[in-house]
Ligand SMILES: *Cc1c(COP(=O)(O)O)cnc(C)c1O
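As structure tokens, this is what we get:
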């Protein structure tokens, strides 16, 4: 695989914007008259670090990925959009993705006018690498894989993902937004083995910081350089960078949340399984699960009337009559169970 041949020609040619703070690297500067900032209102008046170096050092320690292999964006959604803008020529190139999966891959394809080719998982929501590879042609630049998958909750078979990574001559994205809730070794540790992999992680799930909008992409140096070339110069604001460092300094708190959520998951699943409305619970490696019920639309509406919101996936391929339910606090899970026990069709 030659990275240069995968990148859109205009991106290869691009001269990126040069930030004022990038151009100087003198150590002893103390008068900053280069960026048209207001000298007053200290702490908020200066542009933030465009490459978020302090934060990346902290993330590198926690994630076991070198800082130069990290891109940070305004949510994973920024990374997803940048992948299209870097690799996919509108109306010429296409991408292949598992289905069902996270909706943003397709929305971003549509926004960027790139053909999106969904390939159904099997009945157990497992991946057949050959089927995915058959959907590719000479214009397929990216394959989207999500494991543990959303909305199905399960890890995909590792060997099938590895087969895609070794066979496909383009970019393979493995979205591991939920890997903290799973037992398998995450693919972010395999960057050296797969030059074509981009692994996505987020602060929005296990790290409980959806509000600050911070997503991570892990990839080779060369791929990270392309992200940095195309991103907005100050794409992660100072408040987000500071809050993220703060949460990274509380690993015990995150571990405690994780352990409560996985314990709750272990109690909630069998309890839901015993309800008369439950037809099937799919195995989960995430902080949510997919359940097939007798009448998803009606049960969804019933729960809304009780102030409880779950995700109705009834109209998603292979998810007929399925609800996706996030594991909440013990109290929230109790409230959900007692509401569902009182449901009458
Ligand atoms: C929630 C989620 C994300 C997180 O997106 P952010 O923009 O970082 O909040 C990414 N991928 C999947 C599959 C998700 O479910």
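Numbering (the numbering used here), first residue to last: 874 to 1218.
Backbone N, C-alpha and C fix where the C-beta goes; we use that ideal spot for every residue, glycine too.
Computed from a predicted model, the values in this text were never measured in an experiment.
Legend entry - Supposed close pair residue 1082, residue 1117 - CB separation, criterion 8 Å: The beta-carbon separation of residue 1082 and residue 1117, rounded to 7 Å, stays under the 8 Å limit for a contact.
Inset, instruction - Return the first residue and the last residue of the alpha helix (DSSP H) that residue 1130 is part of. - result: For residue 1130, the uninterrupted alpha helix (DSSP H) segment begins and ends at 1124-1146.
Inset, instruction - Mind listing, in chain order, the continuous beta strand (DSSP E) runs of no fewer than 3 residues lying wholly within the region 988-1041? - result: Runs found: 988-993 and 1013-1019.
Inset, instruction - Taking residue 1162 as part of the alpha helix (DSSP H), name the residues at either end of that continuous run. - result: Counting along the chain, residue 1162 falls outside any alpha helix (DSSP H), though it belongs to the beta strand (DSSP E) covering 1161-1166.
Legend entry - At least three beta-carbon pairs within less than 8 Å, the region 937-953 to the region 1072-1079: A contact exists between the region 937-953 and the region 1072-1079.
Inset, instruction - Could you say if the region 1156-1175 and the region 1022-1035 meet the contact criterion of at least three C-beta pairs nearer than 8 Å? - result: Segments in contact, yes.
Inset, instruction - Go ahead and label residue 944 buried or exposed: buried means 16 or more other beta carbons lie within 10 angstroms of its beta carbon, across all protein chains shown. - result: Buried, since its Cβ has 16 or more Cβ neighbours within 10 Å.
Legend entry - First through last residue of the beta strand (DSSP E) which encompasses residue 944: Per DSSP, residue 944 belongs to the beta strand (DSSP E) from 943-946.
Legend entry - Limits of the alpha helix (DSSP H) - the one that residue 1101 falls within: First-last of the alpha helix (DSSP H) with residue 1101: 1094-1103.
Inset, instruction - For residue 977, name the three-state secondary structure that DSSP assigns. - result: DSSP places residue 977 in helix when its eight states are reduced to three.
Legend entry - N- and C-terminal bounds of the alpha helix (DSSP H) containing residue 1157: Counting along the chain, residue 1157 falls outside any alpha helix (DSSP H), and DSSP gives it neither H nor E.
Inset, instruction - May I ask whether a heavy atom of ligand 1 can be found less than 7 Å away from the beta carbon of residue 1019? - result: Look at residue 1019: its beta carbon is less than 7 Å from one of the heavy atoms in ligand 1.
Legend entry - Contact check, residue 1192 vs residue 973, beta carbons under 8 Å: Yes, Cβ-Cβ distance for residue 1192 and residue 973 is below 8 Å.
Inset, instruction - Just grab the DSSP bridge partners of residue 1184 for me. - result: By DSSP's assignment, residue 1184 forms a beta bridge with 1197.
Legend entry - Three-state class that DSSP yields for residue 924 in the structure shown: Of the three classes helix, strand and coil, the one that applies to residue 924 here is coil, per DSSP.
Inset, instruction - Check whether the region 990-999 touches the region 1044-1059, taking contact to mean three or more Cβ pairs, one atom from each stretch, closer than 8 Å. - result: Output reads no: the region 1044-1059 does not touch the region 990-999.
Inset, instruction - Tell me whether the beta-carbon of residue 1181 lies closer than 8 Å to the beta-carbon of residue 1212. - result: Taking 8 Å as the Cβ cut-off, residue 1181 and residue 1212 qualify as a contacting pair.
Legend entry - 8 Å CB neighbourhood of residue 1088 in its chain, flanking five on each side removed: So the qualifying residues of the chain are 945, 946, 947, 948, 949, 950, 951, 952, 1073, 1074, 1075, 1076 and 1077.
Legend entry - Alpha carbon of residue 940 to alpha carbon of residue 1214, nearest angstrom: Residue 940 and residue 1214 have their C-alpha atoms spaced approximately 49 Å apart.
Inset, instruction - For residue 1169, count neighbouring Cβ atoms within 10 angstroms of its own Cβ and tell me buried if that reaches 16, exposed if not. - result: Residue 1169 should be labelled buried.
Inset, instruction - Starting from residue 966, trace the beta strand (DSSP E) both ways and give me its first and last residue. - result: It is not in any beta strand (DSSP E) - residue 966 carries neither H nor E in the DSSP assignment.
Legend entry - Complete runs of the beta strand (DSSP E) confined to the region 1047-1116 [at least 3 residues]: If we require 3 residues or more, the beta strand (DSSP E) runs fully inside the region 1047-1116 come out as 1070-1075 and 1088-1091.
Legend entry - Beta-carbon spacing of residue 1207, residue 1164 below 8 Å: Judged by beta-carbon spacing, residue 1164 lies beyond the 8 Å limit of residue 1207, meaning their Cβ atoms are not closer than that value.
Inset, instruction - Report yes or no: do the region 962-971 and the region 1013-1023 share at least 3 C-beta pairs separated by less than 8 Å? - result: Segment contact: the region 962-971 against the region 1013-1023, three or more CB-CB distances shorter than 8 Å; contact assigned.
Legend entry - Residue burial classification, residue 1049 (beta-carbon count within 10 angstroms, cutoff 16): When all chains shown are included, residue 1049 counts as buried.
Inset, instruction - Spell out a yes or no on whether the region 998-1018 and the region 1031-1041 are touching, meaning 3 or more CB-CB pairs, one atom from each, closer than 8 Å. - result: Yes, they touch.
Legend entry - residue 984 to residue 977 span [Cα, whole Å]: Cα to Cα, the separation comes out at about 10 Å.
Legend entry - Beta carbon of residue 1203 nearer than 8 Å to that of residue 1147: Inclusion of residue 1203 and residue 1147 in the CB contact set at 8 Å is not warranted, their separation being larger than that value.
Legend entry - Within 8 Å, strictly: CB atoms of residue 920 and residue 1107: A contact, by the Cβ cut-off of 8 Å.
Legend entry - Check whether residue 1103 and residue 1198 have beta carbons under 8 Å apart: Cβ distance not < 8 Å, so residue 1103 and residue 1198 don't count as in contact.
Legend entry - Proximity test, residue 975 beta-carbon vs ligand 1 heavy atom, cut-off 7 Å: Yes, since a heavy atom of ligand 1 falls inside the 7 Å radius drawn around the Cβ of residue 975.
Inset, instruction - Could you give the DSSP three-state label for residue 940: helix, strand or coil? - result: DSSP places residue 940 in helix when its eight states are reduced to three.
Inset, instruction - Name, in chain order, the residues that DSSP records as bridge partners for residue 1045. - result: Partner residues in the beta bridge of residue 1045, as assigned by DSSP, are 1016 and 1070.
Inset, instruction - Ignore the nearest five residues each way along the sequence and tell me which others in residue 881's own chain have a CB closer than 6 Å to its CB. - result: Within the same chain, residue 881 has close Cβ partners 962.
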